[in-house]
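Those sequence lines, one after another, are chains A and B.
Its first residue numbered 1, the first sequence is counted upward by one per residue in this note's numbering.
Its first residue numbered 1001, the second sequence is counted upward by one per residue in this note's numbering.
Encoded as structure tokens, the structure appears first; notes follow it.
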Amino acid sequence: MDEYVLIMRHENATGQVSPEQMQAWMQQTMDWLGGIAAQGKLLETGNGLSFDDARVVGHGGVVTNGPFGEIKETIGGYVIVKAESVEEAVEFAKGSPVLQGPGNTLEVRKVAKHDFK
Amino acid sequence: MNTEKLIPHLFRTESSKISAVLNKHFGIKHIEIAEDIVSDTFLSALETWPYKGIPENPKAWLYAVAKNKSKNYLIKSSNFEKTISQEILQTSELSTEIDWSERNISDSQLQMLFAVCHPSIPAESQIGLALKILCGFGIDEIAAAFLTNKETINKRLFRAKEKLKSEQIKLEFPPENQIEKRINTVLLTLYLLFNEGYYSENQDDVIRKELCLEAMRLLEMLIESYAHTIPKIHALYALMCFHSSRLDARKDDTGQLILYQNQDENLWDQTLITKGVLHLHKATGGDSASRYHIEASLAFWMTQKEDTSEKWHQVLKLYNHLLFIEYSPIAALNRTFALSKVYRNEIAIAEAEKLKLESNPFYFSLLAELYRQIDRQKSKQHLEKAIELSKLKPQKELLQKKIAELNI
């Protein structure tokens, strides 16, 4: 069993949603994660990443506000799951409500384990 | 009360106090001495009271006799076991005075609870030891509670006591920096003790109820001293209140288990439910929700029989949260049932089939329930599978009844 990080990418995210939208989205997210957890495959519920106070630090220490503006895609959050194969991890990713937004994607990445012993 | 009833009653309430105070006095490494003195004391009561009558203040009588027996023990043992008694005489001022003040009794009991629930003692043994030392249970009763024999319990208790000695566990309050960790172990032990009473396959209702009540009583000792800083203590207590409110409603006159849906709500103990709500409210003080908070909230919704949309939304949310903290098959199954109540059975079936709990009879009874209105043939097949997997007769009978109700 390997560990996979599911990284949620939002296109054209502004961070501005109504409280009702936010609540509905939270519930869908929790139900999605609950389904993975019910299979004993959820390692970390991870964290949502706030759109406020975001900075991009570039080459030579150039700091810009937000990733928004220059980049179309922003990372909205991540979760970590356990899966037998990348295919299983992809199945988990398919259930994410993030994918309801056109242009949004989930990136599935296996955690590279380094043996430091 | 006559002697026949009074002595067992006092044994339940007083033996754990006397034993805690003596252990505090002698040091826990002489735990057997304390045990002997306690049983000798009650033996004396059994021998004298029927002839001389019940003393005016039975408790004080017991304390005085325990004190004298302790003194005699020391004198006697000093003749042939100089080392031990020397040690005791040096380490405590035992010689004559034993402190029977309310304060010392309750402190000693609480310290005993911490000692019994020491992380170095396996959970199983902790429960046994708690029942023996803190609840005044006999070996027979403990064996009955665990559905095992006296020898097993004796061995388990012996090993646990050896551990208490070899780890040199002292009767004292844990230091400030360890308090939360130590309380966690105590809470887990009391949670298991309660569950042993509430869920066990034991047919003896009296014993089951006693286990639940004892778990609550021991937890009350913690509430007084620690719940204001560690709110999850309140949460666990609330959980116990909500569950035990149904203790009387879930068995019929012949001892058959009555399913939740068929229970008479008038038999649910409203006082306990109110008490649970009060403690759940007090439990909200902290900054994080423990599994006890979540389980208590779920247990609260169990006390609301009406099927409202809010109820099932909340229940689903709580089971999601519980699974985030810790996976368990039963939480996974219950979550899927809640899902069917919030969304549709078809959605819940798709999720249920991913659980793959194919050796669990409850998995198949859940599937049977979800298919009941969609495909009765499939529902029946799942029930048959569940019967095949269940080990208990009453459970098998219940499932048979469900097959009959499908009318196919």
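Using N, Cα and C, we set each Cβ at its ideal position, and we do this for glycine too.
At least 8 Å separates the beta-carbon of L1157 of chain B from that of V1186 of chain B.
Per DSSP, the unbroken alpha helix (DSSP H) holding H1281 of chain B starts and ends at Q1270 to K1282.
In the DSSP secondary-structure assignment, A83 of chain A is bridged to A:D2. Ranked by Cα distance from Q1314 of chain B, the options B:K1059, B:W1301 and B:N1149 are led by B:W1301. For G1053 of chain B, the secondary structure class from DSSP, reduced to helix, strand or coil, is coil. Cβ contact annotation for T1303 of chain B (same chain, cutoff 6 Å, sequence separation greater than five): F1242 and I1273, in chain order. Residue A:H10 holds the alpha-carbon nearest to the alpha-carbon of E73 of chain A among A:Q16, A:G101, A:R55 and A:H10. Considering only beta carbons, the part of the segment 25-37 of chain A lying closer than 8 Å to chain B consists of Q27, M30, D31, L33, G34, G35 and A37, in chain order. Against chain A, the beta carbon of L1323 of chain B has neighbours under 7 Å at G34, A37 and A38, listed in chain order. Its chain contains I1294, S1297 and L1298 as the residues whose beta carbon lies nearer than 7 Å to that of L1318 of chain B, once the 5 sequence neighbours on both sides are disregarded; these appear in chain order. Interface criterion met: the Cβ of R1335 of chain B is under 8 Å from a Cβ in chain A. Among the residues facing chain B, T45 of chain A is included, as its CB has a counterpart in that chain under 8 Å away. Distance between S1019 of chain B and E1265 of chain B, taken at the CA atoms: about 41 Å.
Judged by their CB atoms, K113 of chain A and V86 of chain A are not nearer to each other than the 8 Å cut-off.
Under the DSSP definition of a beta bridge, E44 of chain A partners with A:I80. Linking Y1191 of chain B to V1277 of chain B through their CA atoms gives a straight-line distance of about 18 Å. Within the same chain, Cβ atoms closer than 7 Å to the Cβ of D1204 of chain B are found at A1144, the five residues on either side in sequence being excluded.
Along the segment 1343-1361 of chain B, going in chain order, the ones with a CB nearer than 7 Å to a CB of chain A are E1351, K1354 and L1355.
Between L42 of chain A and chain B, the shortest Cβ-Cβ separation is below 8 Å. With contacts defined as CB atoms closer than 8 Å, A1283 of chain B and P1329 of chain B fail to qualify as a contacting pair.
If you draw a 10 Å sphere on the C-beta of T1013 of chain B, you find fewer than 16 other C-beta atoms in it, and that means exposed. In the three-state scheme derived from DSSP, where H, G and I count as helix and E and B as strand, K1251 of chain B is classed as strand. With its beta carbon at least 8 Å from every one in chain A, Y1363 of chain B lies outside the interface.
Here M1240 of chain B is buried, its C-beta having at least 16 other C-beta atoms within 10 Å. Take the alpha-carbon of G95 of chain A and the one of D1375 of chain B: they are about 26 Å apart. Beta-carbon to beta-carbon, Y1363 of chain B and A37 of chain A are separated by about 16 Å, too far to satisfy the 8 Å threshold. Annotation for L1113 of chain B: A1130, L1134, V1186, L1218, M1221 and L1222 place their beta carbon closer than 8 Å to its own, counting only its chain and skipping 5 residues before and after. At a cut-off of 8 Å between beta-carbon atoms, N1320 of chain B makes contact with chain A. For K1317 of chain B, at least one C-beta of chain A is nearer than 8 Å to its own C-beta. Here the alpha carbons of L1257 of chain B and Y1051 of chain B stand approximately 45 Å from one another. Think of a sphere of 9 Å around the beta carbon of Y1371 of chain B: no beta carbon from chain A falls inside it, the nearest being about 18 Å out. Residues of the same chain with their beta carbon placed closer than 6 Å to that of Q1400 of chain B are lacking, with the five preceding and five following residues left out of the count.
Taking 8 Å as the Cβ-Cβ cut-off, the segment 1258-1280 of chain B has no residue approaching chain A.
About 7 Å separates the beta carbons of Q1377 of chain B and I1408 of chain B, which is inside the 8 Å limit, making them a contact pair.
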